[in-house]
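Numbering (full-length UniProt numbering), first residue to last: 1 to 447.
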């Protein structure tokens, strides 16, 4: 008798404790009083198990329902029971998968005319179905690796960098727009010229700026001619000294850790800078730089190699003394405590030989014994000095056109004297400023 119900679709109400089941009857055991369902739905959700066996004593109500393939009106009582279960279980709104399963069961049975409460529920489900109605299997994990392999990143980035337009090909008469990087100019410009400085005679060395501009080295004779031309046109040593001092002070503050050392909270350990000066125009700029540093709170000491100084150097020393800092000419009076930086301007850039270096033996030995770095201002290259007993230079600053400095002269900086173009032209030099928006730039030896 029980065999005729095999394959039928039933709705089994087991109360609030066990819930309501729908599925196809696969077995009826009259001896053990059990019924087995397959393709099971529990409380409107697809069951994770293949089949469910229910005891007769657990069943409150059992009714036959149409199969999913038939278009018949379902049991009104079962539908009302499922709707009430969905209202009680607010967690059913938490997942698109739950709503998808709920609407899948509801679509199997046509909804009859019901009270207004059910109409509201139907309207709410329909509104959510617009967002979550896509039939997606949320039980299966998303395969990220397979989907990522479908994206050819190299090809897409190549199209972007080459400026090709993304998307469908443009139609006839459509204007194509190229893609530009953030550092590219939209307006068309002339190709850059990296060799903007030309000297009247070949240079011994060439240097490069960070932007790739070529800066040739000048000879001592050409630098002497530039100084003489400036003097004739009114750019005196005093004017040049201020430009030298501004550049030297900027680099010196970097070496002594200015942003960290020169603060109100660190006034107990102010940096100490010793300036070694000869008797030439660049030495006047070094004394002026000591004055700039002293006004910023740096402890400075100016050492003079000789007591007989030029008038322009004498003026700078008088201005420097107004800061209250000391001037000495004996290396025995140099500070014995820790020194942060040594600024050396013992020889002029136009020096080509003489007997001055043996007289500097004491100050050279003192400077080389210090742990502080030595910064040279427009001194001759080590190759020109060509002596064993000389300063161990950490970096060198040179004006407008550098000399032929090498590895023994340390890192090379170029500073601007704001020299007018006509001075270069009078000497047969084609000079376009390599400084850009700065007054001090770094130079690198060209390979």
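We put the beta carbon where it would ideally sit given N, CA and C, even for glycine.
- Message: If the criterion is Cβ atoms closer than 8 Å, does the pair residue 343 and residue 440 meet it?
- Response: Reading the chain shown from its first residue, position 343 is the one you call residue 343. Reading the chain shown from its first residue, position 440 is the one you call residue 440. No, the pair does not count as a contact, with Cβ atoms beyond the cut-off.
- Task: For residue 39, I'd like the list of residues in its chain whose CB is within less than 8 Å of its CB, leaving aside the five on either flank, ordered along the chain.
- Result: Taking the chain shown and counting its residues from 1, the one referred to as residue 39 is at position 39. Hits under 8 Å: 23, 24.
- Message: So, does the stretch 372-381 touch the stretch 299-315, judging by three or more C-beta pairs under 8 Å?
- Response: no
- Own chain partners of residue 395 with C-beta closer than 6 Å, once the 5 adjacent residues on each side are dropped: Locating residue 395 in the chain shown gives position 395, counting from the first residue. Here the set comprises 375, 410, 411.
- Task: Tell me the start and end of each unbroken alpha helix (DSSP H) in the stretch 303-335 that is at least 4 residues and wholly inside, in chain order.
- Result: Counting only runs of 4 or more residues that sit fully inside the stretch 303-335, the alpha helix (DSSP H) segments are 311-321, in chain order.
- Task: Per DSSP, which residues does residue 5 bridge with? Please list them.
- Result: The sequence position of residue 5 within the chain shown is 5, counting from 1. Partner(s): none; residue 5 has no beta bridge.
- Proximity of residue 320 and residue 272 at Cβ, strictly below 8 Å: For this step, residue 320 is matched to residue 320 along the chain shown. For this step, residue 272 is matched to residue 272 along the chain shown. Their beta carbons are not under 8 Å apart, which means residue 320 does not touch residue 272 by this criterion.
- Query: Where does the unbroken alpha helix (DSSP H) through residue 226 begin, and where does it stop?
  - Reply: Mapped onto the chain shown, residue 226 falls at position 226. Element bounds for residue 226: 220-232.
- DSSP-derived helix/strand/coil call for residue 73: The sequence position of residue 73 within the chain shown is 73, counting from 1. Residue confidence for residue 73 is low, a pLDDT of 45 falling below 50, so the modelled location carries little weight; the figure read from the coordinates is stated next. It is a strand residue.
- The alpha helix (DSSP H) enclosing residue 253, as first and last residue numbers: Position 253 of the chain shown, counted from the first residue, corresponds to residue 253. Run containing residue 253: 237-255, per the alpha helix (DSSP H) assignment.
- Are there 16 or more other CB atoms within 10 angstroms of the CB of residue 20, so buried, or fewer, so exposed? Position 20 of the chain shown, counted from the first residue, corresponds to residue 20. With 16 or more other Cβ atoms within 10 Å, it is buried.
- Query: Roughly how far, in whole angstroms, is the beta-carbon of residue 370 from the beta-carbon of residue 339, given that I think they are within contact range, below 8 Å?
  - Reply: Counting from 1 along the chain shown, the entry for residue 370 is found at position 370. Counting from 1 along the chain shown, the entry for residue 339 is found at position 339. Contact flag correct, Cβ pair sits at about 5 Å.
- Span of the alpha helix (DSSP H), counted from its first residue to its last, around residue 162: For the purposes of this step, residue 162 is taken as residue 162 along the chain shown, with counting starting at 1. Looking at the DSSP string, the run of the alpha helix (DSSP H) that includes residue 162 is 153-162.
- Query: Looking at the structure shown, is residue 388 part of a helix, part of a strand, or coil, going by DSSP?
  - Reply: For the purposes of this step, residue 388 is taken as the residue at position 388 of the chain shown. DSSP places residue 388 in coil when its eight states are reduced to three.
- Reducing DSSP to helix, strand and coil, say where residue 260 ends up. Working through the chain shown from its first residue, we reach residue 260 at position 260. Three-state DSSP puts residue 260 in a helix.
- Task: For residue 155, count neighbouring Cβ atoms within 10 angstroms of its own Cβ and tell me buried if that reaches 16, exposed if not.
- Result: Sequence index remark: in the chain shown, residue 155 carries index 155 (1-based). Residue 155 should be labelled exposed.
- Message: Using C-beta distances below 7 Å, list every residue in its chain close to residue 186, excluding the 5 sequence neighbours before and after it, in chain order.
- Response: If you number the chain shown from 1, residue 186 lands on position 186. Taken in chain order, the residues that qualify are 180.
- According to DSSP, residues forming a beta bridge with residue 350: Mapped onto the chain shown, residue 350 falls at position 350. BP columns for residue 350 are empty, so no partner.
- Message: Run through the DSSP bridge pairs and tell me what residue 23 is partnered with.
- Response: Start at 1 with the first residue of the chain shown, and residue 23 comes out as number 23. DSSP, once it has assigned bridges, lists 10 as partnering residue 23.
- Query: When the Cα of residue 34 is compared with those of 43, 52, 41, 48, which residue comes out closest?
  - Reply: Numbered from its first residue, the chain shown carries residue 34 at position 34. With distances taken between Cα atoms, residue 34 lies closest to 52.
- Task: Look at the Cβ atom of residue 28, then the Cβ atom of residue 59, and state whether they are nearer than 8 Å.
- Result: Position 28 of the chain shown holds residue 28. Position 59 of the chain shown holds residue 59. No, these two residues do not count as a Cβ contact at 8 Å.
- Have a look at residue 242 and residue 265 and give me their C-alpha separation to the nearest angstrom. Along the chain shown, read from residue 1 onward, the residue named residue 242 stands at position 242. Along the chain shown, read from residue 1 onward, the residue named residue 265 stands at position 265. Between residue 242 and residue 265, the C-alpha separation is close to 30 Å.
- Message: Whole angstroms are fine: how far does the CA of residue 313 sit from the CA of residue 360?
- Response: Here residue 360 is taken as the residue at index 360 of the chain shown, counted from 1. Here residue 313 is taken as the residue at index 313 of the chain shown, counted from 1. Looking at the two C-alpha atoms, the distance is approximately 19 Å.
- Message: Could you tell me the alpha carbon to alpha carbon distance between residue 350 and residue 219, rounded to whole angstroms?
- Response: Taking the chain shown and counting its residues from 1, the one referred to as residue 350 is at position 350. Taking the chain shown and counting its residues from 1, the one referred to as residue 219 is at position 219. Roughly 8 Å separates the two Cα atoms.
- Message: Pull the bridge partners of residue 198 from the DSSP assignment, please.
- Response: For this step, residue 198 is matched to residue 198 along the chain shown. In the DSSP output, where bridge partners are listed per residue, residue 198 has 430.
- Looking at residue 427 and residue 379, is the spacing between their C-beta atoms short of 8 Å? The sequence position of residue 379 within the chain shown is 379, counting from 1. The sequence position of residue 427 within the chain shown is 427, counting from 1. For residue 379 and residue 427, no; Cβs fall outside 8 Å.
- Query: For the candidate residues 290, 68, 63, whose alpha-carbon lies nearest to that of residue 322?
  - Reply: Within the chain shown, residue 322 is the residue found at index 322, counting from 1. Measuring from the Cα of residue 322, the nearest candidate turns out to be 290.
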